[in-house]
Amino acid sequence: MIHPVPLIFFFALVLCAPAPVSARIRLPAIIGDHMVLQQNQENPIWGWDEPGSAVGIEFAGEKTNVIAGADGKWQARFNPGTASPESRTMIIRGTNTVTITDVLVGEVWICAGQSNMAFKLEEERNGDLEAAMSGKPGLRLISVPTVGSQTLESNFEGRWRPSTPESAAKFSAIGLLYGRHLHEILDAPVGMIDITWGGSFAEAWVCRASLESDARFAEIIRRTKADEEKAGIPESDEAFEQRRAAWSREAELARRQARSPPVKPIRGTDWLRGRERAGNIFGGMVHPVLGYGIKGFIWYQGESNAPRAGEYRDLFPYLITEYRRQWKQGDFSFYWVQITSFGNSDMEAAGSAWAGLREAQTLALRLKNTGQAVSIDLGEGKDVHPRNKHDVAMRLLRWALANDYGFKLPFRSPEYKEARIEGNRVIVTFDCFGGRLRPFGVSEAVGFAICGGDRIWHRARGRVLDENRVEVWSESVNSPAGVRYAWADNPVCNLFNEAGLPCTPFRAALSNALDE
1386 MIHPVPLIFF FALVLCAPAP VSARIRLPAI IGDHMVLQQN QENPIWGWDE
1436 PGSAVGIEFA GEKTNVIAGA DGKWQARFNP GTASPESRTM IIRGTNTVTI
1486 TDVLVGEVWI CAGQSNMAFK LEEERNGDLE AAMSGKPGLR LISVPTVGSQ
1536 TLESNFEGRW RPSTPESAAK FSAIGLLYGR HLHEILDAPV GMIDITWGGS
1586 FAEAWVCRAS LESDARFAEI IRRTKADEEK AGIPESDEAF EQRRAAWSRE
1636 AELARRQARS PPVKPIRGTD WLRGRERAGN IFGGMVHPVL GYGIKGFIWY
1686 QGESNAPRAG EYRDLFPYLI TEYRRQWKQG DFSFYWVQIT SFGNSDMEAA
1736 GSAWAGLREA QTLALRLKNT GQAVSIDLGE GKDVHPRNKH DVAMRLLRWA
1786 LANDYGFKLP FRSPEYKEAR IEGNRVIVTF DCFGGRLRPF GVSEAVGFAI
1836 CGGDRIWHRA RGRVLDENRV EVWSESVNSP AGVRYAWADN PVCNLFNEAG
1886 LPCTPFRAAL SNALDE
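Heads up: the sequence shown begins at 1386 in my numbering, then just goes up one per residue.
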């Protein structure tokens, strides 16, 4: 509750300062019928009314009074208590009275990212069955439409809906499955907020002003301004069609070669409103929801930034930190999907853009209350949108259940801990977080490569020694200088823990001769 107003003064304002007939309470789309309020924490409720008008909010026996500011905006905060499936009413009284019906209290999560998070339940491999099981009145869904804007928008077109087979089918598959299972396990209401845009760049998800204030992102801003300048130059229909035809040829070649397709060309005016321009998604899609009471984020984005993986090392953790700062709800949980396998399977290539992006994602685990769902085994090689979203959602859910809800279960993939050289062999030790290593399919550990000081990589053999160590060697390398695992766009690898969670891809330098 903020700035409570004494009731006598409150009613005096209502009686003595009537607003013009045209003035009415306005609410953002995120606050409406069927919404879910985050339990056990203060939730902001906000809207607009006549400047200076008194506004009273009533919910679950609690009353809060506030005054609209000079811009007409008002905001109140209150704790709705513990989770409850009881359908309740919120009443907001100002220049008029607004009644919000069927409000639940439970857990609220945002599912955000690019196309693999936007991937609809009806497209999932068992989407028809999953949708048929998703008639859950206690699960509520709302989607933010794709709007790119440099202006910090205050609202969007959308509304909360109870989950039905029809509404679930059109919702994010990962978000729906995550929310539905969480709802069933906790036996509590769950609200899922879908903020997704396929093909989006990470810099579009961050506040433009924040990026401009940090010297690390000067190159992003330089590129953005250059693209803004180009977008302002008129382009003839003929020139645009030539660009689109060239893209179509390149995209078809990429499809046949199972590699990432080029970015589809758009007209300059469309780019200005699009998914790539720094700050656009934050301004048009995130900002209208900013501050709504949540438990945390689940995130699946990175493929579009893979060519700039080094930049993502700073940009991704910055995005998380900025969201937490601007949400003003502390270090809420933020769990992401490490991008899956796609395209080239060459384990001996000098580099891999997708492997580099996965490494950048793993480094973000240094932030507290974060988690990574490794999905290296769930890709389809020739399709950048694999249809198995169920297992992806379950790996994210494991993080939440273990860290947010107190369940004792395996949740974290094994990660590289250290390596030492023994003759021409490398002993790699993983942190298995209480589990043990298990090669899948065959007894040999597949997916390793080593190199000498010449930096030429060779596929290596691997033998699991015990619960967390693997012996790695290649007859082509007498003096190992580097080792890596699953280091390719689309690696062939088979190391898991006993819970079926795949080992996290990694690379490590073993000698000063190799500067990774």
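Even glycine gets a Cβ: it sits at the ideal position worked out from N, Cα and C.
Taking the Cβ atoms as the reference, Gly-1867 lies roughly 7 Å from Arg-1892, within the contact range of under 8 Å. Each of Ala-1517, Cys-1888, Ile-1416, Trp-1784 was checked against the Cα of Gly-1681, and the nearest Cα belongs to Trp-1784. As summarised for the stretch 1799 to 1883, the continuous beta strand (DSSP E) elements at least 3 residues long and confined to that stretch are 1800 to 1807, 1810 to 1816, 1822 to 1824, 1833 to 1836, 1842 to 1844, 1846 to 1849, 1854 to 1858, 1867 to 1870, 1880 to 1882, given in chain order.
Per DSSP, the beta bridge partners of Pro-1547 are Arg-1525. Leaving aside the five residues that flank Arg-1810 on each side, the residues in its chain whose CB is nearer than 6 Å to its CB run, in chain order, Glu-1856, Trp-1858. Contact between Ile-1495 and Ile-1679 holds, with the beta-carbon distance rounding to 6 Å and staying under 8 Å. The C-beta distance from Gly-1669 to Gly-1560 rounds to 19 Å, too long to meet the 8 Å contact threshold. Less than 7 Å separates the beta-carbon of Leu-1781 from that of Ala-1758.
Pairing Phe-1818 with Asn-1853 gives a Cβ-Cβ distance that is not under 7 Å. Cβ-Cβ separation between Ile-1606 and Ala-1663: approximately 7 Å, consistent with a contact (criterion under 8 Å). In this structure, DSSP gives Asp-1487 an extended state, which the three-state scheme calls strand. Here Leu-1422 carries a strand assignment [DSSP, helix/strand/coil]. In the DSSP annotation of this structure, Phe-1602 is not part of any alpha helix (DSSP H), being labelled neither H nor E. Considering only Ser-1438, Ala-1461, Ala-1455, the residue with the shortest C-alpha distance to Thr-1449 is Ala-1461. With distances taken between CA atoms, Arg-1411 lies nearest to Thr-1482 out of Thr-1482, Thr-1467, Pro-1429. With three or more CB-CB distances shorter than 8 Å, the stretch 1763 to 1779 counts as touching the stretch 1498 to 1512. In terms of CA proximity to Glu-1829, Arg-1846 leads the group Arg-1751, Arg-1846, Gly-1885, Gly-1837. Considering only Ile-1477, Ala-1834, Ile-1485, Glu-1569, the residue with the shortest C-alpha distance to Trp-1872 is Ala-1834. Looking at the DSSP output, Ala-1735 shares a beta bridge with no other residue. When secondary structure is reduced to three states using DSSP, Gln-1746 falls in the helix class. Comparing alpha-carbon positions, the option among Ser-1737, Gly-1736, Gln-1723, Ala-1735 lying closest to Leu-1748 turns out to be Gln-1723. The C-beta distance from Asn-1690 to Ala-1587 rounds to 5 Å, short enough to meet the 8 Å contact threshold. For Trp-1582, no alpha helix (DSSP H) segment is defined, and its DSSP state is neither H nor E.
For Val-1777, the uninterrupted alpha helix (DSSP H) run begins and ends at 1775 to 1788, by DSSP. For Asn-1665, the secondary structure class from DSSP, reduced to helix, strand or coil, is helix.
Residue burial annotation: Phe-1825 is exposed, with fewer than 16 other C-beta atoms found within 10 angstroms of its C-beta.
Under the DSSP definition of a beta bridge, Gly-1576 partners with Val-1493, Arg-1525.
For Pro-1702, the enclosing alpha helix (DSSP H) begins and ends at 1694 to 1712. Pro-1547 is a Cβ neighbour of His-1419, given a cutoff of 7 Å. When DSSP states are grouped into helix, strand and coil, Phe-1625 belongs to the helix group.
Classified as exposed, Glu-1807 has fewer than 16 neighbouring CB atoms from the shown chains inside 10 Å of its CB. With respect to the C-alpha of Gln-1711, the residue from Val-1591, Trp-1739, Glu-1492, Phe-1792 having the closest C-alpha is Val-1591. In the DSSP assignment, the residues bridged to Gly-1441 are Asn-1450, Arg-1478. When DSSP states are grouped into helix, strand and coil, Ala-1414 belongs to the coil group. Proximity to Gly-1885 across Arg-1660, Phe-1796, Glu-1542 peaks at Phe-1796, based on C-alpha coordinates.
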